[in-house]
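Peer 1: Take a look at the following structure, please.
2 protein chains.
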Amino acid sequence: MQMKELIERYQTAMNQVYRRVNILLKEKIHSDITSDQFATLHYITKNEKCTSTDIANEFGVGKSAVTAQINRLFDKGLIERDRDDNDRRVIYLHVTDKGIDFVEFTEKALFSELEKYLTNFDQEEIYTFIHSLEKLAKVMNEE
Amino acid sequence: MQMKELIERYQTAMNQVYRRVNILLKEKIHSDITSDQFATLHYITKNEKCTSTDIANEFGVGKSAVTAQINRLFDKGLIERDRDDNDRRVIYLHVTDKGIDFVEFTEKALFSELEKYLTNFDQEEIYTFIHSLEKLAKVMNEE
DNA sequence: ATAATATAGTTCATTTAGTGAACTATTCAT
DNA sequence: ATGAATAGTTCACTAAATGAACTATATTAT
């Protein structure tokens, strides 16, 4: 099979899955946060004391985009800013109690939705798939 | 391993890969079209005589979003509209010669970029991965 | 020690992409 | 022949991104 065809198939499938997961998050789970916002919130939850710059690097966007995103999460009371006393330029981000509850609730809901689809896969296939996906993410992040 | 952890890892990796491919398309290949626009253009190329409604279904967005997207591609001279003579409500979309050249060029460029990363994978792993990804896309599209 | 440079984050104007409701035009159904 | 359905557009609005200009700190070099 040609590499070109494989890449085309990859692109089509990846796009569909990405969009379907977003729709799931949007329609089935909550209407008061977007999937981009949830991804950022999730990152802050998993990386306590991270900065805007960290997020910009993780998601591959400019810092001004992160400021706007942070503001939206802050306005919803899900995160807070915390200035570093040693280096006053730096602002650490952390999730509020409300934010922690929110992430937990959303993950549970998302899990129970995705579970339906995962019944089509056996454990072995899931492991192999995630392993390859993480490997791809890793080599692409290194560049 | 817990399903929750697997889903979290999936989300993180998927997000990273999705964004890296977009950055690749944006930085390395062309500055005059977005990856969303390219995805739409690619769909029209592969589905000659498709309609706005087809695209809305494929990408899971509203028809008004498609109208706007189609306008952007039309303004760049990459696609054209073609009204159906039997059912005057329907407008078929097709790619112009310029659009065909553009897709071909972009795919070649994208391929040569992605090729670098794919050297880390053997054929077997790529096939298995794409097979699983397409299966996931399929079961999620069925719902 | 001070001047120049670098870093962290924000603001602002602009573009892209999406929503959903209201609309036009056409076709189908009873 | 009228009423419902379908295809696509327009409009006002929000989210997310860019990049340049900016503020406020830290660091480095002379």
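In order, the protein sequences belong to chains A and B.
Numbering-wise (my numbering), the first sequence opens with residue 1 and increments by one.
Numbering-wise (my numbering), the second sequence opens with residue 1001 and increments by one.
From the three backbone atoms N, C-alpha and C, an ideal C-beta is built for every residue, glycine too.
What's the gap between the Cα of A/Cys50 and the Cα of A/Glu80?
Peer 2: Counting from 1 along the first sequence, the entry for residue 50 of chain A is found at position 50. Counting from 1 along the first sequence, the entry for residue 80 of chain A is found at position 80. About 11 Å.
Peer 1: So A/Asn57 contacts chain B; which residues on that side make the cut at Cβ distance below 9 Å?
Peer 2: Here residue 57 of chain A refers to the residue found at position 57 when the first sequence is read from its first residue. What A/Asn57 touches in chain B: nothing, since even the nearest Cβ is about 11 Å away.
Peer 1: Is the Cβ of A/Thr34 closer than 8 Å to any Cβ of chain B?
Peer 2: Mapped onto the first sequence, residue 34 of chain A falls at position 34. Chain B contact via Cβ: absent.
Peer 1: Examine the Cβ distances between the region 1118-1127 of chain B and the region 107-119 of chain A and report whether three or more of them are shorter than 8 Å.
Peer 2: In short, these stretches do not touch, since the Cβ pair count stays below three.
Peer 1: Terminal residues of the continuous beta strand (DSSP E) containing A/Arg83?
Peer 2: As a first step, residue 83 of chain A must be located in the first sequence, where it is residue number 83. Ile79 to Arg83 is the extent of the beta strand (DSSP E) around A/Arg83.
Peer 1: Quick check on the burial criterion: 16 or more other C-beta atoms within 10 angstroms. Buried or exposed for A/Thr67?
Peer 2: To locate residue 67 of chain A, count along the first sequence from 1; it is residue 67. Exposed.
Peer 1: Give me, in chain order, the residues of the same chain whose beta-carbon lies closer than 8 Å to that of B/Lys1098; leave out the 5 immediate sequence neighbours on both sides.
Peer 2: Counting from 1 along the second sequence, the entry for residue 1098 of chain B is found at position 98. Once the five neighbours on either side are set aside, the close Cβ partners of B/Lys1098 are Gly1077 and Leu1078.
Peer 1: Which whole-angstrom value describes the C-beta separation of A/Phe102 and B/Met1003, a residue pair presumed to lie in contact below a C-beta threshold of 8 Å?
Peer 2: Reading the first sequence from its first residue, position 102 is the one you call residue 102 of chain A. Reading the second sequence from its first residue, position 3 is the one you call residue 1003 of chain B. Not quite, the Cβ-Cβ distance comes to about 20 Å (not below 8 Å), so this is no contact.
Peer 1: With distances taken Cα to Cα, identify the nearest neighbour of A/Glu134 among B/Glu1005, B/Ala1013, B/Ile1007 and B/Glu1008.
Peer 2: Here residue 134 of chain A is taken as the residue at index 134 of the first sequence, counted from 1. The option with the nearest alpha carbon to A/Glu134 is B/Ala1013.
Peer 1: Rounded to whole angstroms, what's the CA-CA distance from A/Glu8 to B/Ser1035? Just pull it up for me.
Peer 2: Along the first sequence, one-based indexing puts residue 8 of chain A at 8. Along the second sequence, one-based indexing puts residue 1035 of chain B at 35. Approximately 14 Å, taken between the alpha carbons.
Peer 1: Reducing DSSP to helix, strand and coil, say where B/Val1066 ends up.
Peer 2: Sequence index remark: in the second sequence, residue 1066 of chain B carries index 66 (1-based). Correct three-state label for B/Val1066: helix.
Peer 1: Considering Cα atoms alone, identify which of B/Ala1039, B/Asp1032, B/Leu1024 and B/Lys1028 is closest to A/Arg19.
Peer 2: Position 19 of the first sequence holds residue 19 of chain A. Of the candidates B/Ala1039, B/Asp1032, B/Leu1024 and B/Lys1028, the one whose C-alpha sits nearest the C-alpha of A/Arg19 is B/Ala1039.
Peer 1: B/Asp1112 CB to nearest chain A CB: under 8 Å?
Peer 2: By 1-based counting over the second sequence, the position of residue 1112 of chain B is 112. A quick correction: the sequence has Ser, not Asp, at residue 1112 of chain B. So, not an interface residue.
Peer 1: So, does the CB of B/Leu1133 fall closer than 8 Å to a CB anywhere in chain A?
Peer 2: The residue labelled residue 1133 of chain B in the question sits at position 133 within the second sequence. Interface residue, yes.
Peer 1: Output the distance between the C-alpha atoms of B/Ile1070 and B/Ile1044, rounded to the nearest integer angstrom.
Peer 2: As a working note, residue 1070 of chain B is residue 70 in the second sequence. As a working note, residue 1044 of chain B is residue 44 in the second sequence. Going by the C-alpha atoms only, they are around 10 Å apart.
Peer 1: Tell me where the beta strand (DSSP E) around B/Ile1091 begins and ends.
Peer 2: Here residue 1091 of chain B refers to the residue found at position 91 when the second sequence is read from its first residue. Ile1091 to Val1095 is the extent of the beta strand (DSSP E) around B/Ile1091.
Peer 1: As a quick exercise: from A/Glu48, A/Asp85, A/Glu5 and A/Ala65, pick the residue whose alpha carbon is nearest that of A/Thr96.
Peer 2: Reading the first sequence from its first residue, position 96 is the one you call residue 96 of chain A. The residue with the shortest Cα to Cα distance from A/Thr96 is A/Glu48.
Peer 1: Is A/Ile29 near A/Ala109, with beta carbons less than 8 Å apart?
Peer 2: Here residue 29 of chain A corresponds to residue number 29 of the first sequence, with the count starting at 1. Here residue 109 of chain A corresponds to residue number 109 of the first sequence, with the count starting at 1. Yes, the Cβ-Cβ distance between A/Ile29 and A/Ala109 is below 8 Å.
Peer 1: Is the distance from the Cβ of A/Gln37 to the Cβ of A/Arg72 below 8 Å?
Peer 2: Residue numbering aside, residue 37 of chain A sits at position 37 when the first sequence is read from its first letter. Residue numbering aside, residue 72 of chain A sits at position 72 when the first sequence is read from its first letter. It is a contact, given that the beta carbons lie within the stated cut-off.
Peer 1: Residues of the region 57-82 of chain A with a CB closer than 7 Å to any CB of chain B: list them in chain order, please.
Peer 2: From the region 57-82 of chain A, only Phe59 and Gly60 have a Cβ closer than 7 Å to chain B.
Peer 1: Do the CB positions of A/Ile33 and B/Leu1006 come within less than 8 Å of each other?
Peer 2: By 1-based counting over the first sequence, the position of residue 33 of chain A is 33. By 1-based counting over the second sequence, the position of residue 1006 of chain B is 6. It is not a contact, given that the beta carbons lie outside the stated cut-off.
Peer 1: Strictly below 8 Å CB to CB, what residues from chain A border B/Val1017?
Peer 2: As a working mapping, residue 1017 of chain B is identified with position 17 in the second sequence. Result: Met14, Leu133, Leu136, Ala137 and Met140.
Peer 1: Between the Cα of A/Glu59 and the Cα atoms of B/Met1140, B/Glu1142, B/Gln1011 and B/Glu1113, which residue gives the shortest distance?
Peer 2: Within the first sequence, residue 59 of chain A is the residue found at index 59, counting from 1. In the sequence on display, residue 59 of chain A carries Phe and not Glu. That would be B/Gln1011, whose Cα lies nearest to the Cα of A/Phe59.
Peer 1: At a CB-CB cut-off below 7 Å, which residues of chain B make contact with A/Ala109?
Peer 2: The sequence position of residue 109 of chain A within the first sequence is 109, counting from 1. Going along chain B, no residue has its Cβ under 7 Å from A/Ala109, so there is no contact; the nearest lies around 12 Å.
Peer 1: Can you have a look at A/Asn144 and say buried or exposed, based on whether 16 or more other CB atoms are within 10 angstroms of its CB?
Peer 2: In this structure chain A extends from 1 to 143, so residue 144 of chain A is not present and cannot be described.
Peer 1: Quick check on the burial criterion: 16 or more other C-beta atoms within 10 angstroms. Buried or exposed for B/Ser1064?
Peer 2: As a first step, residue 1064 of chain B must be located in the second sequence, where it is residue number 64. Exposed.
Peer 1: Sort A/Leu25, A/Asp84, A/Tyr92 and A/Glu27 by Cα distance to A/Ile55 and report the nearest one.
Peer 2: As a position in the first sequence, residue 55 of chain A is number 55, starting the count at 1. Considering only alpha carbons, the answer is A/Tyr92.
Peer 1: If you draw a straight line from the C-alpha of B/Phe1074 to the C-alpha of B/Phe1105, how long is it?
Peer 2: Numbered from 1 along the second sequence, position 74 holds the residue referred to as residue 1074 of chain B. Numbered from 1 along the second sequence, position 105 holds the residue referred to as residue 1105 of chain B. The straight-line gap from Cα to Cα measures roughly 18 Å.
Peer 1: Looking at the unbroken alpha helix (DSSP H) that takes in B/Asp1054, where does it start and where does it end?
Peer 2: Here the question's residue 1054 of chain B lines up with position 54 in the second sequence. It spans Ser1052 to Phe1059 - the alpha helix (DSSP H) in which B/Asp1054 sits, taken as one unbroken run.
Peer 1: Is any beta-carbon of chain A found at less than 8 Å from that of B/Arg1089?
Peer 2: Working through the second sequence from its first residue, we reach residue 1089 of chain B at position 89. False, the Cβ-Cβ gap to chain A never drops below 8 Å.
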